[in-house]
Amino acid sequence: MTTTVLWFRRDLRLADHPALVAAVAAGPVVPLFVLDPALLGPAGPVRTAFLYRGLRALDQALDGNLVVRAGDPVDVVPALAAEAGADTVHVSADFGPYGRRRDQDVARALRAAGRRLTGIGSPYAVDPGAVLKQDGTPFRVFSPFYRAWRAQGWPPPCPAPGHAAWVEGLRSDGIPEDPSVDATLPMAGVAAAQARLEEFLAGPIDDYADRRDSPAADATTRLSPYLKYGCIHPRQILARLGQSKPHEKLRSELGWREFYADVLWHTPDSARRSLQPTMAGMELDAGPSADERFRAWTEGRTGFPLVDAGMRQLRGEAWVHNRVRMVVASFLVKDLHIDWARGARWFLRHLVDGDLASNNHGWQWVAGTGTDPAPYFRIFNPVTQGREHDPDGDYVRRWVPELAEVAGRAVHEPWKLPGGLPAGYPQRIVDHAAERAEALDRYAALKSDG
DNA sequence: TTTTGAGTTGTTCGA
DNA sequence: GTCGAACAACTCAAA
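Heads up, the first sequence is in numbering that gives the first Met the number 0, so the first residue is 0 and it goes up one at a time.
And the structure:
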């Protein structure tokens, strides 16, 4: 039997963990997590706190043997492997731009000392890059990808190893105290993830297809933060789904997550840059007045109730309903003409589920710069979206107290109230019809510039 | 090989 | 009030 290191990253669980199974099969295991400043900085306080809580749950499941070390993984991982006398470091492979570079560097450093990094599995049911078109090139459109992804298939979940021997007594820097966070976060860790899955499957799933688009109903899975840190693996969800309409709907949402990871793997710089090169020339607003509008957007005081409700939900829960994410993103890009990447950065800093692939490609989809050769004319009207998806106005009133006394759907157009705008609620910062026309003009200019 | 039709999530306008 | 058409350009798979 030989000692190995299991380096946890986005896989904070023991069940359905192929890399852990491989490590345990080899002998005693050193469970490691590295506090990497390059990742913790951009994560922001919300995800850092959620991560730390997930680590505490993991440490408990490991009988307190999780080794936590702070520093650059290129230094930390080889040093710990040497300390433990481990020839192999097992990981679930990382397919993101930073993770790939980091793992190459760590693998090189380990090799220099006669050791190796072994990647098994990934945070996805199907590894990014594994689904290709007939001609061997990657998909750029979801539906054909999804058909091929389903046809490809995935293995069933594997149980947690029952007889793991954790190496004890190695120095751990410990899990730091949570940074202070104003938002109300979900419970962290595997048990919370499993409980949420069971709760969802026991009832809400039946209405998922019909109600997932209704922010007031709050009928979505709320599993995204757990998927982000691997407290649950998508295989564990997929294994529970059948052929009914709502089950198929949830499977396709997981398919979107896999699709965007695949796109990002094939084009790593699409995290920051527009996937459609022609769209990169779009005229954008910047400077002090754009900064002021951006600030109004972040603070939920644009004067458009659904937009403001969404941005305040982001502050309050570090999470926003998917339908509302699209509405607020469309508003920033099409009404305020601000770079989608700036909005994506703001989301990534404040979302508890903030995932580079899903977040940034979701933004690109709204901006019309990404996959789904996006119709330039798809510009969300915040009022229409409110009437359509929050018909009773419950979602808006939940997050915008200034409008709490306005009954029904009238809450979406407070400027039309007979008594005038309720006290404390801001005037609209732009004229939607005018800005919609402006967005269309800029698109037309882009075309004529060739 | 070329053609054809469809593609997550929309809005407006005019009948 | 509802309904269909129009709003481009590109991707992909099937015909």
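Positions of the beta carbon are idealized from the N, C-alpha and C atoms, including for glycine.
Identify which residue in the options has its Cα closest to the Cα of residue i.
i, options, result
"L226", "N359, I236, D217", "I236"
"F138", "E257, L439, D217", "E257"
"F94", "D290, Y375, T266", "T266"
"H162", "S213, A22, A147", "A22"
"N64", "G173, Y51, G418, P417", "G173"
"R427", "W296, Q133, L253", "W296"
"R9", "D352, F293, P421", "D352"
"V73", "A108, P96, G84", "A108"
"G53", "G188, S179, V20, L184", "G188"
"S447", "M281, S171, R250", "M281"
"F49", "P178, G423, Y394, Y97", "P178"
"V180", "W398, R386, R348", "R348"
"E197", "A208, R221, G286", "R221"
"Q242", "S213, P214, D205", "D205"
Following the continuous alpha helix (DSSP H) through residue i, name the residue where it begins and the one where it ends.
i, result
"L253", "244-265"
"V166", "No alpha helix (DSSP H) holds V166; DSSP gives it neither H nor E."
"V33", "Counting along the chain, V33 falls outside any alpha helix (DSSP H), though it belongs to the beta strand (DSSP E) covering 28-34."
"G293", "Here the sequence assigns Phe to residue 293, which means Gly is not the residue at that position. Taken as a continuous stretch (DSSP letters only), the alpha helix (DSSP H) holding F293 covers 287-297."
"F303", "Counting along the chain, F303 falls outside any alpha helix (DSSP H), and DSSP gives it neither H nor E."
"W148", "141-151"
"S329", "321-329"
"Q133", "Premise fails: Q133 is in no alpha helix (DSSP H) and is neither H nor E."
"E197", "189-200"
"A236", "According to the sequence displayed, residue 236 carries Ile and not Ala. First-last of the alpha helix (DSSP H) with I236: 233-237."
"S357", "355-366"
In whole angstroms, what is the alpha-carbon distance linking residue i and residue j?
i, j, result
"A356", "Y259", "5 Å"
"P276", "A366", "13 Å"
"K244", "G202", "14 Å"
"P122", "H232", "7 Å"
"D430", "M186", "40 Å"
"M310", "E82", "47 Å"
"T513", "A78", "The requested residue 513 does not occur in the structure, where the chain is confined to residues 0 to 449."
"R155", "A238", "Inspection of the sequence shows that residue 155 is occupied by Pro rather than by Arg. Each residue's alpha carbon lies about 7 Å from the other."
"F330", "S142", "26 Å"
"C230", "L416", "47 Å"
"D354", "G419", "41 Å"
"K333", "A216", "27 Å"
"G385", "V410", "9 Å"
"W398", "D134", "49 Å"
"Y228", "A444", "42 Å"
Excluding the five sequence neighbours on either side, which residues of its own chain have a C-beta within less than 6 Å of the C-beta of residue i, listed in chain order?
i, result
"G449", "Summary for G449: the model assigns pLDDT 47, below 50, so the residue's position carries little reliability; its value from the coordinates is reported in the next sentence. There are no such residues."
"R211", "A218, T219"
"S273", "A279, T368"
"A194", "none"
"Y442", "Y375"
"L19", "L5"
"A208", "K244, P245, K248"
Looking at the secondary structure, which residues open and close the beta strand (DSSP E) in which residue i lies?
i, result
"T3", "3-7"
"T117", "115-118"
"P421", "Counting along the chain, P421 falls outside any beta strand (DSSP E), and DSSP gives it neither H nor E."
"T87", "87-90"
"A69", "66-69"
Keeping to the same chain, check which residues put their C-beta closer than 8 Å to that of residue i; ignore five residues upstream and five downstream.
i, result
"P390", "R408"
"E437", "H336"
"P421", "E401, L402, E404, V405, P413"
"S269", "V262, L263, N359, H360, Q363, G369"
Heavy atom of the ligand MG less than 6 Å from the Cβ of residue i, yes or no?
i, result
"E387", "This structure lacks the ligand MG, and indeed carries no ligand of any kind."
Going by beta carbon distance, what residues of the same chain come within less than 7 Å of residue i, once the five residues before and after it are set aside?
i, result
"A182", "V45, R314, G315, E316, A317"
"R300", "D307, P425"
"P224", "F49, P185, V351, D352"
"V140", "T370, D371"
"S251", "Y145"
"T47", "L39, P178"
Taking one C-beta from the segment 28-38 and one from the segment 161-177 each time, how about it: are there three or more such pairs within less than 8 Å?
-> By the C-beta criterion, the segment 28-38 is judged to be in contact with the segment 161-177, since at least 3 inter-stretch pairs fall below 8 Å.
Could you tell me whether the segment 34-43 touches the segment 11-21, using the rule of 3 or more Cβ pairs below 8 Å?
-> no
Touch test, the segment 320-329 against the segment 292-311, Cβ-Cβ under 8 Å, three pairs minimum | yes
May I ask you to verify whether the segment 373-384 touches the segment 417-435, counting CB pairs closer than 8 Å and requiring at least 3?
-> Touching, per the Cβ criterion.
Three-pair Cβ contact test at 8 Å for the segment 109-128 versus the segment 75-95 = Cβ pair count under 8 Å is three or more, so yes.
Any chance the segment 96-112 sits against the segment 129-145, with 3 or more Cβ pairs inside 8 Å?
-> no
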